[in-house]
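Written below as structure tokens is the structure these notes are about.
Numbering (the UniProt record's numbering), first residue to last: 1 to 48.
As structure tokens, this is what we get:
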């Protein structure tokens with residue numbers, strides 16, 4: 001699976017329960033571009 005770097009929501013009120021904001025580590029390592037961030041369901045993840 002992919003490694004996703006977790007990010008904080010700029011406005012915590014925008015975060016829905018069960019959803020996280022993040023960026024694929026591989027994208028960050030290649031492009032250093034945070035604009036590709038997105039939300040994803042927390043239950044599809046495993047903390048490492």
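Heads up, the beta-carbon is just placed ideally off N, CA and C, and yes, glycines get one too.
In this text, all values refer to a predicted model and were calculated from it rather than measured experimentally.
Does the beta-carbon distance from residue 48 to residue 21 come in below 7 Å? no
Going by DSSP, name the residue or residues bridged to residue 9. BP columns for residue 9 are empty, so no partner.
Range of the contiguous beta strand (DSSP E) that encloses residue 31: Element bounds for residue 31: not the beta strand (DSSP E) but the alpha helix (DSSP H), 25–31.
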